[in-house]
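*Asks:* Protein chains in written order, with my numbering: chain Z, 1 to 114; chain V, 115 to 227.
Note that beta-carbon positions come from the ideal geometry of N, C-alpha and C, so glycine has one too.
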């Protein structure tokens, strides 16, 4: 079975600083996709960034970037210039290619402090 | 497009009552997923459909839970009878074939007293 592990239940960061959220996963598959979702207090699930396993280049979306280490099965999220609006739960998720459901980690609660 | 629509947004019911949660996927999306989110277990897949056909219902906790998708634009998740341990946020998500991003609805917060 595929698993996703987020080892940091809670984190905090000062506004304008940089924070990195960790995620590891376990799979024997070679083709898959990784995601980071943000869930603010409104509980809406918002896609932050995605990474295709076959791409060596790390994905970047504005202040959000990932460090994808395929051999280590690691997929961390870096948030630069943290803003108060980044306060949320962050979920790492995994899916195979081929139209399968997402498998989620337990989440990391991030608090951005003014 | 309005996105994935779920109703109701909040539901409070008493133990033993029947609860029906509703979902309208994004038009053209032929995959529909039901997830449940609790503090203890996080986000779990309950069931998913492809072209209105259930593909995997192994996450449905027990016979009290049932899900249907009578057409491409509507799905229901029913709990009968409901129990306090069913209290959770239930998400519906959809996506088109061969596109791995899922689009989530706003969720239904269910409280069973």
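Output needed for residue 51(Z): all residues of its chain with C-beta closer than 6 Å, excluding positions within five of it in sequence on either side, in chain order.
*Replies:* Stepping through the first chain from its first residue, residue 51(Z) is reached at position 51. If we look at residue 51(Z) and ignore the five residues flanking it on each side, its Cβ neighbours are 34, 59, 66, 68.
*Asks:* Report all residues from its chain with a CB closer than 6 Å to the CB of residue 147(V); omit the five preceding and five following residues, and keep chain order.
*Replies:* To locate residue 147(V), count along the second chain from 1; it is residue 33. Once the five neighbours on either side are set aside, the close Cβ partners of residue 147(V) are 162, 207.
*Asks:* Provide the residue span of the beta strand (DSSP E) that contains residue 189(V), from first to last.
*Replies:* Position 75 of the second chain, counted from the start, is the residue given in the question as residue 189(V). Taken as a continuous stretch (DSSP letters only), the beta strand (DSSP E) holding residue 189(V) covers 188-193.
*Asks:* Rounded to whole angstroms, how far is the Cβ of residue 37(Z) from the Cβ of residue 96(Z), which I believe are closer than 8 Å?
*Replies:* Within the first chain, residue 37(Z) is the residue found at index 37, counting from 1. Within the first chain, residue 96(Z) is the residue found at index 96, counting from 1. In fact, because the Cβ distance is near 17 Å, the residues do not count as touching under 8 Å.
*Asks:* Between which two residues does the beta strand (DSSP E) harbouring residue 139(V) extend?
*Replies:* Residue 139(V) sits at position 25 when you count from the first residue of the second chain. Per DSSP, residue 139(V) belongs to no beta strand (DSSP E) and is neither H nor E.
*Asks:* Can you tell me whether residue 53(Z) is buried or exposed, with buried defined as 16 or more other CB within 10 angstroms of its CB?
*Replies:* In the first chain, the residue the question calls residue 53(Z) occupies position 53. Under this definition residue 53(Z) is a buried residue.
*Asks:* Indicate whether the contact test is met: 3 or more Cβ pairs, each with one atom in the segment 190-200 of chain V and one in the segment 1-18 of chain Z, closer than 8 Å.
*Replies:* No: the two stretches stay apart, fewer than three of their Cβ pairs being nearer than 8 Å.
*Asks:* Report the rounded CA-to-CA distance for residue 107(Z) versus residue 142(V), giving the unit in angstroms.
*Replies:* Within the first chain, numbered from 1, the residue matching residue 107(Z) stands at position 107. Within the second chain, numbered from 1, the residue matching residue 142(V) stands at position 28. Whole-angstrom Cα-Cα distance: 30 Å.
*Asks:* Since residue 33(Z) meets chain V, which of its residues come closer than 7 Å, beta carbon to beta carbon?
*Replies:* Working through the first chain from its first residue, we reach residue 33(Z) at position 33. Under the 7 Å cutoff, chain V gives 214.
*Asks:* Going along the segment 98-109 of chain Z in order, which residues come within less than 7 Å of chain V, judged by CB to CB distance?
*Replies:* Under the 7 Å Cβ criterion, the segment 98-109 of chain Z contributes 99, 101, 102, 104, 106, 107.
*Asks:* So for residue 199(V), helix, strand or coil by DSSP?
*Replies:* As a first step, residue 199(V) must be located in the second chain, where it is residue number 85. Helix.
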